[in-house]
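Presented below is the structure to which this report refers.
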Amino acid sequence: SGSFLSVRDLHVRFSTEDGIVKAVSGLSFDVERGTTLGIVGESGSGKSVTNLAILGLHNPASTEITGEIVLDGQKLTGAPEKTLESLRGNKMAMIFQDPLTALSPYYTIGRQIGEPYRKHMGASKREARERAIEMLAKVGIPNPQRRVDDYPHQFSGGMRQRAMIAMALVCNPDLLIADEPTTALDVTVQAQILDLLKDLQQEFGSAIIFITHDLGVIANMADDIMVMYGGRAVERGTAKEVLRAPQHPYTWGLLGSMPRLTGDVNQELRPIEGTPPSLLNPPSGCPFHPRCEFKDKVPSGVSCSQDRPLLPEGRGAACHLTAEQKQTYFIEQIKPR
Ligand code: SF4
Ligand code: MG
Numbered sequence: 016s017g018s019f020l021s022v023r024d025l026h027v028r029f030s031t032e033d034g035i036v037k038a039v040s041g042l043s044f045d046v047e048r049g050t051t052l053g054i055v056g057e058s059g060s061g062k063s064v065t066n067l068a069i070l071g072l073h074n075p076a077s078t079e080i081t082g083e084i085v086l087d088g089q090k091l092t093g094a095p096e097k098t099l100e101s102l103r104g105n106k107m108a109m110i111f112q113d114p115l116t117a118l119s120p121y122y123t124i125g126r127q128i129g130e131p132y133r134k135h136m137g138a139s140k141r142e143a144r145e146r147a148i149e150m151l152a153k154v155g156i157p158n159p160q161r162r163v164d165d166y167p168h169q170f171s172g173g174m175r176q177r178a179m180i181a182m183a184l185v186c187n188p189d190l191l192i193a194d195e196p197t198t199a200l201d202v203t204v205q206a207q208i209l210d211l212l213k214d215l216q217q218e219f220g221s222a223i224i225f226i227t228h229d230l231g232v233i234a235n236m237a238d239d240i241m242v243m244y245g246g247r248a249v250e251r252g253t254a255k256e257v258l259r260a261p262q263h264p265y266t267w268g269l270l271g272s273m274p275r276l277t278g279d280v281n282q283e284l285r286p287i288e289g290t291p292p293s294l295l296n297p298p299s300g301c302p303f304h305p306r307c308e309f310k311d312k313v314p315s316g317v318s319c320s321q322d323r324p325l326l327p328e329g330r331g332a333a334c335h336l337t338a339e340q341k342q343t344y345f346i347e348q349i350k351p352r
């Protein structure tokens, strides 16, 4: 396929003491240059695992990956670690939730931000330090000339988060994966960071995968949305389509009170009743059936607990309800009670 990032029939399995964890099952999606894909779902839905697999950051000893991941024509699945290493921090970069996973306590902030720039861009020490100062300024660190020589422990939590974002952006990556990058930041800094990501995207045409629980951020950042449940994609479409007329009962539960009703998009996704499915023994049929209040409404002859609903290409949801039912039940969901 000609997509910038193409993921096809991805399966990720881990061996654990208790058995094989099927973390991701049969996942396919595309991300184009200059666009942002928002991935939503509860923890354990496979969002983070998918992204670690793209970056080749999974543990090869305990992880089995099948399917195909292609970035800009280059196959990442099965690529040697050396190839992946030369892509990471350069062509593709990741912003983690927790800055301490990315920052070492032993080196100055400036050295760590400058390191990928030296390694991938062949910059000198001096150039890398200048670039680090520039990046610290871009992410809104005051006195970057002075702070560049600080160690991570001299930074506040919010500043470390911004330093890590600076490090991810230092080589203007073509693919940026951001896993809940702004959750820990206050609203003003969060807005700054999101603007920075948008600028980067405009300037360099980067593709962004954005994992978040924050509906406001999704509505603001994502062009497309993919909803994941139990290691599978259960709904996808443009952000407008998914936020305005979601089709999957799980998405209805996630979105809860819809932004368009309250006018307030700065709300968290609502926790839904029941527990996420076991990935050791995934449910048969529709993975959502144990929690779904609509499973008795599907057309006769179809069984939610036995027949796995398929996710169509493009806009759609993996659910046995008819198109009409999806519309009617959603409207019933959002009626003021
Ligand atoms: Fe619910 Fe059945 Fe649709 Fe799954 S396929 S979401 S169980 S109605
Ligand atoms: Mg996660």
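Numbering (UniProt numbering), first residue to last: 16 to 352.
Built from N, CA and C at the ideal position, the CB exists for glycine as well.
Residue i beta carbon near the ligand SF4 (any heavy atom closer than 6 Å)
i, result
"residue 301", "yes"
"residue 336", "yes"
"residue 44", "no"
"residue 313", "yes"
"residue 291", "no"
"residue 310", "yes"
"residue 228", "no"
"residue 95", "no"
"residue 304", "yes"
"residue 261", "no"
"residue 188", "no"
"residue 297", "no"
"residue 264", "yes"
"residue 159", "no"
Opposing strand residues paired with residue i [DSSP bridges]
i, result
"residue 203", "Answer is none; residue 203 lacks a bridge partner."
"residue 225", "53, 193"
"residue 211", "Residue 211 pairs with nothing; no bridge assigned."
"residue 37", "28"
"residue 125", "DSSP, once it has assigned bridges, lists no residue as partnering residue 125."
"residue 160", "None, per the DSSP bridge assignment."
"residue 69", "Per DSSP, none; premise fails for residue 69."
"residue 248", "243"
"residue 84", "22"
"residue 308", "According to DSSP, which records beta bridges pairwise, residue 308 is partnered with nothing at all."
"residue 59", "Residue 59 is not bridged to any residue."
"residue 331", "251"
Contact belief for residue i with residue j at Cβ below 8 Å, rounded distance in angstroms
i, j, result
"residue 225", "residue 56", "The pair is not a contact, with the Cβ atoms about 13 Å apart (cut-off 8 Å)."
"residue 88", "residue 23", "Contact flag wrong, Cβ pair sits at about 14 Å."
"residue 144", "residue 125", "6 Å"
"residue 46", "residue 332", "The Cβ separation is near 20 Å, so there is no contact."
"residue 198", "residue 208", "Their Cβ separation, rounded to whole angstroms, is 11 Å, which puts residue 198 and residue 208 out of contact at 8 Å."
"residue 25", "residue 106", "Their Cβ separation, rounded to whole angstroms, is 19 Å, which puts residue 25 and residue 106 out of contact at 8 Å."
Exposure label - residue i; buried when at least 16 CB within 10 Å
i, result
"residue 205", "buried"
"residue 181", "buried"
"residue 214", "exposed"
"residue 217", "exposed"
"residue 33", "exposed"
"residue 168", "exposed"
"residue 255", "exposed"
"residue 232", "buried"
"residue 161", "exposed"
"residue 334", "buried"
"residue 313", "buried"
"residue 137", "exposed"
"residue 259", "exposed"
"residue 108", "buried"
"residue 194", "buried"
"residue 30", "exposed"
"residue 121", "exposed"
"residue 66", "buried"
"residue 327", "exposed"
"residue 210", "exposed"
"residue 51", "buried"
"residue 295", "exposed"
"residue 60", "buried"
"residue 157", "exposed"
"residue 202", "exposed"
"residue 104", "buried"
"residue 248", "buried"
"residue 316", "exposed"
Heavy atom of the ligand ATP within 6 Å of residue i beta-carbon
i, result
"residue 324", "Within the structure as shown, the ligand ATP is missing, the only ligands being the ligand SF4 and the ligand MG."
*Three or more beta-carbon pairs under 8 Å between the region 240-258 and the region 285-299, yes or no?*
yes
Task: Stretch-stretch touch, CB-based, cutoff 8 Å, three pairs: the region 315-324 with the region 222-239 - done: no
TODO: Pair every Cβ in the region 178-193 with every Cβ in the region 114-121, then say whether three or more of these pairs are closer than 8 Å.
DONE: yes
task = Take every Cβ of the region 331-348, pair it with every Cβ of the region 258-265, and state whether three or more of those distances are shorter than 8 Å.
result = The region 331-348 is in contact with the region 258-265.
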